[in-house]
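Engineer:
Residue numbers (the UniProt record's numbering): 1 to 100.
1. Which two residues bound the contiguous alpha helix (DSSP H) that contains residue 92?
2. Under the three-state reduction of DSSP, which class applies to residue 67: helix, strand or coil?
3. What residues in its chain sit with their C-beta under 7 Å from that of residue 18, if we drop five residues either side in the sequence?
4. For residue 69, I'd like the list of residues in its chain whose CB is within less than 6 Å of its CB, leaving aside the five on either flank, ordered along the chain.
5. When the distance is taken between beta carbons, is residue 64 closer than 7 Å to residue 102?
6. Hey, how far is the Cα of residue 43 from the Cα of residue 22?
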């Protein structure tokens, strides 16, 4: 049987290539509005952050999204991202890797 190709994306914090399902996509639209994209299909420029609270905190400390998108990202968005990553990480521990 043919093995399906696993889509890989680069984590903007660690620079590590990972399967897309192990990352969270943050998207910037044409109006420079940021949003967490749980579907991975919203229109706009995307950047990926690992589902790891420590990595999300490093993104905040190093202003990784500011650099990726070329805009100033407010601290409250980073806090929202950290909370979302924490929630997703907890879901993975409870339900396994298939939880989305």
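Beta carbons: idealized from backbone N, C-alpha and C, even for Gly.
Structural biologist: Taking the coordinates as given:
1. Counting along the chain, the alpha helix (DSSP H) containing residue 92 begins and ends at 75-95.
2. In the structure shown, residue 67 sits in a helix (DSSP, three-state: H, G or I).
3. Taken in chain order, the residues that qualify are 8, 9, 11, 50.
4. Closer than 6 Å at Cβ, skipping near neighbours: 28.
5. The question about residue 102 has no answer here: the residues shown for the chain are numbered 1 through 100.
6. Taking the straight line joining both Cα atoms gives about 20 Å.
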